[in-house]
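Each residue of the sequence shown is one higher than the one before, counting from 394 in my numbering.
Beta carbons: idealized from backbone N, C-alpha and C, even for Gly.
Below is one structure, written out as structure tokens; comments come after it.
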Amino acid sequence: MRDSSSPGSMPAAENNGLAAEAVDAIEGLSGVHPGYRRAHARGICCRAVFRPNGLAAAFTTAAHLQEQESAAVVRFSGSSTDPALADLLSPAKGIAVQFSLPDGGTTSLVGATLPVFFARTPESFIDIVRTAHKAREGNLGPLELIKEITTHFSESKESFLSLNKLKPPASYAESHYYCIHVYIFVDAQGKKHPVKFEWVPDAGVRNLSLTDARQQPDRYLEDELELRLKAEPVVFQLNVIFGKDGDPTSDPTKAWPEDRRQIEIGRLYLTEVITEPEELLMDPAAVTEGIELSDDPILHFRRTAYGESFHRRRGEQ
């Protein structure tokens, strides 16, 4: 399902050059923070177990989605490029889950509290980040910044409207996370099914009022998660949504209709906070047998961009 405009079909040098440009642009937002990820800079990691219920087996041969449980590492984070920024000031939150596979490999799902992305292509991503940097240099406030970007980049409108509606979360464990990209399930007969994923908290979704959030410490989400896990596991259900003909697979800025078929395919049990593994790289394009990448150019591009960020921070460490 890859088309000629997909970074997956670009020459490697061109793809790597765009990745370097993208990471340079991100570094322009708050400077370089040695040893940290360029985006989602500060996070907290947990040990987890994923227990599939077997319902996905009719649609994919992916080993971790059959019936055998697998170990996982989960990382929650804010969206900021600045690791010192208070949780309140980083509206969108992220989750990254790395599953251990029976053959010794790994595969990852990356999600956020926004249902869509703000850029359709790697080139527009770089342009939007650079525009945000210039607008901030002009001392624009958050609402003025959103207006500036959406005026010049109409593809960002849906994402920034969702961002504007976000309320401060009460907990990482009480947030709904959307894996914004489309993947392709491949079943035992070779039939293909376009899908999206969502992580839904067993505890329900709970937000704070702005007044209450302002009274919290800078890292209240990490503190709350550590206390919660000392008392009981944190549980998320993994839902898969099935696309229909005509649903966009190459554009992460577009949502699918809300009436699409959805099933729960397993549960993720987080048991304890752990030190972040030094070599941890949550690559959403690192799929396994039974799952293919869609023709989404941002999804393909994230592999080289994440690799560039990883290379830079590892060199700094």
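- Nearest to E516 by C-alpha distance, out of L556, S602, I691, is I691.
- Just so you know, the alpha carbons of S702 and A415 end up roughly 10 angstroms apart.
- Per DSSP, the continuous alpha helix (DSSP H) segment holding G700 begins and ends at 690–709.
- With contacts defined by Cβ atoms closer than 9 angstroms, E672 and R707 form a contacting pair.
- Inter-segment contact for the segment 444–462 and the segment 572–586 is present: three or more beta-carbon pairs are separated by less than 8 angstroms.
- Around the beta carbon of R654, fewer than 16 other beta carbons sit within 10 angstroms, so the residue counts as exposed.
- With 16 or more neighbouring CB atoms inside 10 Å of its own CB, Q491 falls in the buried class.
- Here DSSP, grouped into helix, strand and coil, assigns E665 to strand.
- The Cβ-Cβ distance between R440 and A477 does not fall below 9 angstroms.
- Here A412 is near A698, since their CB atoms are less than 9 angstroms apart.
- By alpha-carbon distance to S547, the top candidate from F518, H526, E530, Y565 is F518.
- Membership of F553 in the alpha helix (DSSP H) is indicated by the continuous run 550–558.
- In this structure, I634 lies near E591, with their beta-carbon atoms less than 9 angstroms apart.
- Nearest neighbour of S472 by Cα position, chosen from P610, L559, L494, T524, turns out to be L559.
- By the Cβ neighbour-count rule, P610 is exposed, with fewer than 16 other Cβ atoms within 10 Å of its own.
- Residue pairing from DSSP leaves A563 without any beta-bridge partner.
- Non-local C-beta neighbours of I488 in its own chain, meaning closer than 7 angstroms and more than five positions away in sequence, comprise V467, F469, G504, Y570, W592, ordered along the chain.
- Taken through DSSP and simplified to helix, strand or coil, F518 comes out as helix.
- In the structure shown, the three-state DSSP call for V425 is coil.
- Using a Cβ distance threshold of 9 angstroms, Q630 and D595 count as a contacting pair.
- In this model, K637 and P427 are separated by some 44 angstroms (Cα to Cα).
- Of the residues assessed, H545 falls on the exposed side of the cut-off, its CB having fewer than 16 other CB atoms within 10 angstroms.
- For V598, the CB contacts under 7 angstroms within the same chain, skipping 5 residues up- and downstream, are E567, S568, H569 in chain order.
- Membership of L603 in the alpha helix (DSSP H) is indicated by the continuous run 603–607.
- Taken atom to atom, the span from the alpha-carbon of K585 to that of L620 is near 42 angstroms.
- For T474, the secondary structure class from DSSP, reduced to helix, strand or coil, is coil.
- DSSP, read as helix, strand or coil, puts G410 in helix.
- Between the C-alpha atoms of N409 and G700 there is a straight-line separation of about 9 angstroms.
- For E591, the enclosing beta strand (DSSP E) has its first and last residue at 585–594.
- In the DSSP assignment, E657 forms a beta bridge with N632.
- Here DSSP, grouped into helix, strand and coil, assigns S687 to coil.
- Secondary structure of R468 (DSSP, three-state): strand.
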